[in-house]
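Student:
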Amino acid sequence: MDFSLSQEQQLLADSARRYVREQYTFEQRRKILASADGYSRATWKDFADLGLLALNVPERDGGLGGGPVETMLLGMAVGEGLVVEPYLSSAVVATRAIALLGSPAQRAQWLAPLAAGELIAIPVLDTAYGPRPAEPVRATRRGDAWELNGQAPVVYHAPAADLLLVAASSEAAGGEPDVLLAVPAATSGVRRTGLSTVDGQVAADIDFRAVAVGTASRIGGDVRAEVPKIVDYGLFALCAEALGALDRCLELTVEYTRTRHQFGGPIGRFQALQHRMVDMLTRVEQARSLVYLAASRCEDGDAQLRESALSAAKVLVCEAARFVGQQAVQLHGGMGVSDEVSISHYFKRLLAIELRFGSAAAHLDRYSRHLAAE
Numbered sequence: 440m441d442f443s444l445s446q447e448q449q450l451l452a453d454s455a456r457r458y459v460r461e462q463y464t465f466e467q468r469r470k471i472l473a474s475a476d477g478y479s480r481a482t483w484k485d486f487a488d489l490g491l492l493a494l495n496v497p498e499r500d501g502g503l504g505g506g507p508v509e510t511m512l513l514g515m516a517v518g519e520g521l522v523v524e525p526y527l528s529s530a531v532v533a534t535r536a537i538a539l540l541g542s543p544a545q546r547a548q549w550l551a552p553l554a555a556g557e558l559i560a561i562p563v564l565d566t567a568y569g570p571r572p573a574e575p576v577r578a579t580r581r582g583d584a585w586e587l588n589g590q591a592p593v594v595y596h597a598p599a600a601d602l603l604l605v606a607a608s609s610e611a612a613g614g615e616p617d618v619l620l621a622v623p624a625a626t627s628g629v630r631r632t633g634l635s636t637v638d639g640q641v642a643a644d645i646d647f648r649a650v651a652v653g654t655a656s657r658i659g660g661d662v663r664a665e666v667p668k669i670v671d672y673g674l675f676a677l678c679a680e681a682l683g684a685l686d687r688c689l690e691l692t693v694e695y696t697r698t699r700h701q702f703g704g705p706i707g708r709f710q711a712l713q714h715r716m717v718d719m720l721t722r723v724e725q726a727r728s729l730v731y732l733a734a735s736r737c738e739d740g741d742a743q744l745r746e747s748a749l750s751a752a753k754v755l756v757c758e759a760a761r762f763v764g765q766q767a768v769q770l771h772g773g774m775g776v777s778d779e780v781s782i783s784h785y786f787k788r789l790l791a792i793e794l795r796f797g798s799a800a801a802h803l804d805r806y807s808r809h810l811a812a813e
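Per this note's numbering, the sequence shown starts with residue 440, numbered consecutively.
1. Span of the alpha helix (DSSP H) holding Ser750?
2. What's the call for Gly589, buried or exposed, on a 16-neighbour Cβ count within 10 Å?
3. Helix, strand or coil, according to DSSP, for Thr632 in the structure here?
4. Is it buried or exposed, Thr464, if we count other Cβ atoms within 10 angstroms and call 16 or more buried?
5. Return the chain-ordered ranges of every alpha helix (DSSP H) run that is complete within the segment 456-511 and spans a minimum of 4 residues.
6. Apart from the five residues on each side of it in sequence, which residues of its chain come closer than 8 Å, Cβ to Cβ, to Leu602?
7. Is the separation between the beta-carbon of Glu524 and that of Trp483 shorter than 7 Å?
8. Going by C-alpha distance, which of Ala473, Gln640, Val618 is nearest His596?
9. Within 10 angstroms of the Cβ of Thr696, are there 16 or more other Cβ atoms? Answer buried if so, exposed if not.
10. Quick one: what does DSSP say Leu603 is sitting in, helix, strand or coil?
11. Here's the rule I'm using: 16 or more other beta-carbon atoms within 10 Å means buried, otherwise exposed. How should Lys470 be labelled?
12. Return the first residue and the last residue of the alpha helix (DSSP H) that Gly683 is part of.
13. Opposite Tyr595 in the DSSP bridges: which residues?
14. Which same chain residues, not among the five before or five after Val763, have their C-beta less than 6 Å away from its C-beta?
15. Do you know how far the Cα of Asp500 is from the Cα of Ile537?
16. Under the assumption that Val563 contacts Ile645 (Cβ atoms under 8 Å), give the Cβ distance between them as a whole number of angstroms.
17. Between the segment 504-513 and the segment 769-780, are three or more C-beta pairs nearer than 8 Å?
18. Rounded to a whole number of angstroms, what is the C-alpha to C-alpha distance between Ala606 and Pro616?
19. Figure out for me which residue from Gln743, Leu770, Cys757 has the closest Cα to the Cα of Glu690.
20. Quick check: what's the CA-CA separation for Ser627 versus Ala475?
21. Need the endpoints of the alpha helix (DSSP H) that Ile792 sits in, please.
22. Between which two residues does the alpha helix (DSSP H) harbouring Arg571 extend?
23. Ala682: which of Ala734, Arg631, Ser609, Phe647 sits nearest, CA to CA?
24. Expressed to the nearest angstrom, what Euclidean distance is found between the alpha-carbon atoms of Glu610 and Phe796?
25. Sorted by chain position, which residues of the same chain lie with C-beta nearer than 6 Å to Val830's C-beta, five sequence neighbours on each side aside?
26. Compare the beta carbon distance of Glu793 and Ala748 with 7 Å and say whether it is the shorter of the two.
27. With distances taken from CA atoms, which of Ala801, Gly477, Ala555 is nearest Gly502?
28. For the beta strand (DSSP E) that Val522 lies in, which residues bound it at each end?
29. Taking 8 Å as the limit between beta carbons, can you name the residues of its chain near Gly506, skipping five residues before and five after?
30. Quick check on Val622: does DSSP put it in helix, strand or coil?
31. Below 7 Å between beta carbons: does that hold for Arg535 and Tyr672?
32. Secondary structure at Ser777, three-state DSSP: helix, strand or coil?
33. When the Cα atoms are used, what is the spatial distance from Ala711 to Gly518?
34. Return the Cβ separation of Leu489 and Ala530 in integer angstroms, given the expectation that the two are a contact with Cβ distance under 8 Å.
35. Do you know offhand how far Gln467's Cα is from His784's?
36. Just to confirm, is the Cβ distance from Ala643 to Gly653 under 7 Å?
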């Protein structure tokens, strides 16, 4: 894949980064985190006005029809700004699920509001990597409707949801999700217990009790085959987000060592610290190479090639996140753990990314299984 950016791609990346640097500042983000919602609808509307929410909407449905490279560029901008709005959940995973599996009527109903920032859809997709609930979500046919029962723990941005995309297993599924239902978040029987993640993003444990869903809300297609692909695309976008956070983390650390004076000069002049920053750069560039590989493979029809590339990227990203985050905090000294300094927030975001969409150990296991099967 050629990663030389086209003029349109460069403009998209520049506009996203400019907004993050100028409008989504660290202080503005702290105000958003302190708000009652924990995210900003005004910022979400700004994203829509910039066209960021229409990126994964196909051109046939009035969107930009972006691909992996565009998703990667915006993911890096989201990571650089430590964005707490539900970009990955709604604008990438949920939007892509509707675009790929929705009927023409469903796409017409939901994709335009998603692109305009008028609707936030949050995926509740059961994967092997998330926390395992005591009672997985099950869908039971009740005449012309479906009934949902079960639990979904730690669903990112669920408190912000207008619409939930719920993958559930039917009676004939044998435990594997084979039904995808669009459930309005305010539906009777849906209970969301809000919580905050380590990096300040909103999430919720969701409990479904006798939730009635009409058959018109069922999103068709081969759910067993397609949902894992959609989840893998979300994993790729998360790795791109991590890369943006890693780049900014390294940049802030280099800036700090140039301005922090000790023993008669900037601490960045000490060779031991320079070596540590070179090691940080090496980890970042290793992660970048694997994220680029994931971009080239994230839509591959060969499941083994796709999953191997994505798992390899997640492992390298996790290793880089831990090393770069820890080194950045140490090089900032006592200020590195202060809530008033942005580097502590990058450390927490990188820690959260390590745990989301599967740990390094889980993906190393998946990669080794594919390697053994070759």
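Ideal Cβ positions, reconstructed from N, Cα and C, are used throughout, including at glycine.
Tutor: In short:
1. 742-770
2. buried
3. strand
4. exposed
5. 465-473, 480-488
6. Ala533, Trp549, Leu558, Ile559, Ala560, Ile561, Ala621, Val622, Pro623, Ala624
7. yes
8. Gln640
9. buried
10. strand
11. exposed
12. 662-698
13. Ala642
14. Leu685, Cys688, Met719, Arg722
15. 11 Å
16. 6 Å
17. no
18. 6 Å
19. Leu770
20. 23 Å
21. 781-794
22. Neither: Arg571 is in no alpha helix (DSSP H) and is coded neither H nor E.
23. The identity of residue 682 in the sequence shown is Leu, whereas the question assumes Ala. Cα-wise, what sits closest to Leu682 is Ala734.
24. 26 Å
25. Residue 830 lies beyond the range of the chain shown here (440 to 813); nothing can be said about it.
26. no
27. Ala555
28. From DSSP, Val522 is part of no beta strand (DSSP E); its letter is neither H nor E.
29. Glu738
30. strand
31. yes
32. coil
33. 29 Å
34. Contact doesn't hold; Cβ gap of about 11 Å is too wide.
35. 13 Å
36. no
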